[in-house]
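A quick write-up on the structure given underneath.
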Amino acid sequence: MKENKNICSETKDKIPASDIYSDILCKEEETGVEIPTEDAVEDAKDWVDQENRR
């Protein structure tokens, strides 16, 4: 995953505001959009895949 440090600032609080991702890398300053970690994206995808198999 290409990391672009120019679009976001590091946050002290790595706990996301929503339950979509388990961990965030940073928050985009201008829009406030949380950028998840690559592991958090993979975990979310695994969860969705498991739920769709039911």
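If you're matching positions, the sequence shown starts at 0 in numbering that gives the first Met the number 0 and goes up one per residue.
Cβ atoms here follow ideal geometry from the backbone N, Cα and C, with glycine treated the same way.
Simplified DSSP state of residue i, which is helix, strand or coil
i	result
residue 28	coil
Assumed close pair residue i, residue j - CB separation to whole angstroms, cut-off 8 Å
i	j	result
residue 22	residue 39	5 Å
Neighbour-count burial assignment, residue i, 16 or more Cβ in a 10 Å radius
i	result
residue 33	buried
Rounded C-alpha distance that separates residue i from residue j
i	j	result
residue 51	residue 30	32 Å
residue 41	residue 53	19 Å
residue 47	residue 19	11 Å
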